[in-house]
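Q:
Numbering (the numbering used here), first residue to last: 2 to 218.
1) By alpha-carbon positions, which one of 153, 191 and 142 ends up nearest to residue 167?
2) Here's a check: name, in chain order, each residue in its chain whose Cβ is nearer than 6 Å to the Cβ of residue 10, leaving out the five neighbours to either side.
3) Excluding sequence positions up to five away, which residues of its chain have a Cβ less than 7 Å from the Cβ of residue 139?
4) Specify the secondary structure class of residue 171 as computed by DSSP and reduced to three states.
5) Per DSSP, what kind of secondary structure is residue 42 in: helix, strand or coil?
6) Specify, as a first and last residue, the run of the alpha helix (DSSP H) that residue 134 falls within.
7) Could you tell me whether the Cβ atoms of residue 1 and residue 53 are closer together than 8 Å?
8) Alpha helix (DSSP H) containing residue 103: first to last residue?
9) Could you give the DSSP three-state label for residue 28: helix, strand or coil?
10) Identify which residue in 82, 100 and 130 has its Cα closest to the Cα of residue 14.
11) For the ligand SAH, is there any heavy atom lying closer than 7 Å to the beta carbon of residue 66?
12) Which residues does DSSP list as the beta-bridge partners of residue 20?
13) What residues match up with residue 74 in a beta bridge as DSSP calls it?
14) Pick out the complete beta strand (DSSP E) segments inside the segment 42-66, 3 residues or longer, and give them in chain order.
15) Rounded to whole angstroms, what is the Cα-Cα separation between residue 195 and residue 155?
16) State the DSSP-derived secondary structure class of residue 149, mapped to helix, strand or coil.
17) In this structure, how does DSSP classify residue 217 when only helix, strand and coil are distinguished?
18) Where does residue 197 land, buried or exposed, given buried means 16+ other C-beta within 10 angstroms?
19) Among 135, 102 and 115, which one has its Cα closest to the Cα of residue 179?
20) For residue 33, is the classification buried or exposed, using 16 other Cβ atoms within 10 angstroms of its Cβ as the cut-off for buried?
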């Protein structure tokens, strides 16, 4: 899925000559409110594969980001796109590892995701928030071509995987968890059971109050 700012970022930063004749994968491709796919396909890639955990619009292959390296193989795509997915992956380090490694040397990675201040949103879970400094660190093993804030409380990045790529060790890196309200190395299944229902309830109360105010305004 993709908001209007996300689509604009893709339109500006994915050039026709970069896409034409190339093999593209979109990780988290279920189209609920917009997608970069029509734009990218208009540039005539050799193949466009949409991967998501459930069947639906824009999905060609059902599978998890954490398993895609085993499924597709190393350095199998020229362009890797992921819009509004990374905040939903419990093991974000494995997701990033796979995104980097299915991309060919010299290939492009384009990502959009949410930052601090964006409300909890299930899909079916919501785990992480990424800032500009996080992305600088996470993708310091690639050449960062574009990195900017999304006005709708998110972050956008486009990188090129270097030909002498050596993957950065992120094992000890802490990322902000919306579940735990602090920076942590990982989120456990126990954390999810303990905290996620509270955030869901809180969001439902907010939505209810918003609808009540709207009804009487």
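Glycine residues also receive a C-beta, built at the ideal position from the N, C-alpha and C atoms.
All values derive from a computational prediction rather than experimental measurement.
A: Answer, in terms of the structure:
1) The residue labelled residue 167 in the question sits at position 166 within the chain shown. Out of 153, 191 and 142, 142 has the C-alpha closest to the C-alpha of residue 167.
2) Mapped onto the chain shown, residue 10 falls at position 9. So the qualifying residues of the chain are 157.
3) Within the chain shown, the letter at position 138 stands for residue 139. The answer, listed in chain order, is 97 and 171.
4) Counting from 1 along the chain shown, the entry for residue 171 is found at position 170. Correct three-state label for residue 171: coil.
5) Here residue 42 refers to the residue found at position 41 when the chain shown is read from its first residue. Here residue 42 sits in helix by DSSP.
6) If you number the chain shown from 1, residue 134 lands on position 133. Segment 133-139, the alpha helix (DSSP H) holding residue 134.
7) Because the chain in this structure spans residues 2 to 218, residue 1 falls outside the shown range and cannot be described.
8) Indexing the chain shown from 1 puts residue 103 at position 102. From DSSP, the alpha helix (DSSP H) with residue 103 extends over 93-103.
9) Taking the chain shown and counting its residues from 1, the one referred to as residue 28 is at position 27. It is a strand residue.
10) Residue 14 sits at position 13 when you count from the first residue of the chain shown. Residue 14 has its Cα closest to that of 82, out of 82, 100 and 130.
11) Absent from the structure shown: the ligand SAH. Ligands present: none.
12) Taking the first residue of the chain shown as position 1, residue 20 is located at position 19. DSSP lists no partner for residue 20.
13) Numbered from its first residue, the chain shown carries residue 74 at position 73. Answer is none; residue 74 lacks a bridge partner.
14) 48-53
15) Translated into positions along the chain shown, residue 195 becomes position 194. Translated into positions along the chain shown, residue 155 becomes position 154. Whole-angstrom Cα-Cα distance: 26 Å.
16) Against the chain shown, residue 149 aligns to sequence position 148. If DSSP states are grouped into helix, strand and coil, residue 149 belongs with the strands.
17) Counted from its first residue, the chain shown places residue 217 at position 216. Residue 217 falls in the helix class under three-state DSSP.
18) Taking the chain shown and counting its residues from 1, one reaches residue 197 at position 196. Answer is buried; the Cβ neighbour count reaches 16.
19) In the chain shown, residue 179 corresponds to position 178, counting from 1. The shortest C-alpha separation from residue 179 is found at 115.
20) The count along the chain shown starts at 1 and reaches residue 33 at position 32. The residue is exposed, with fewer than 16 neighbouring Cβ atoms inside 10 Å.
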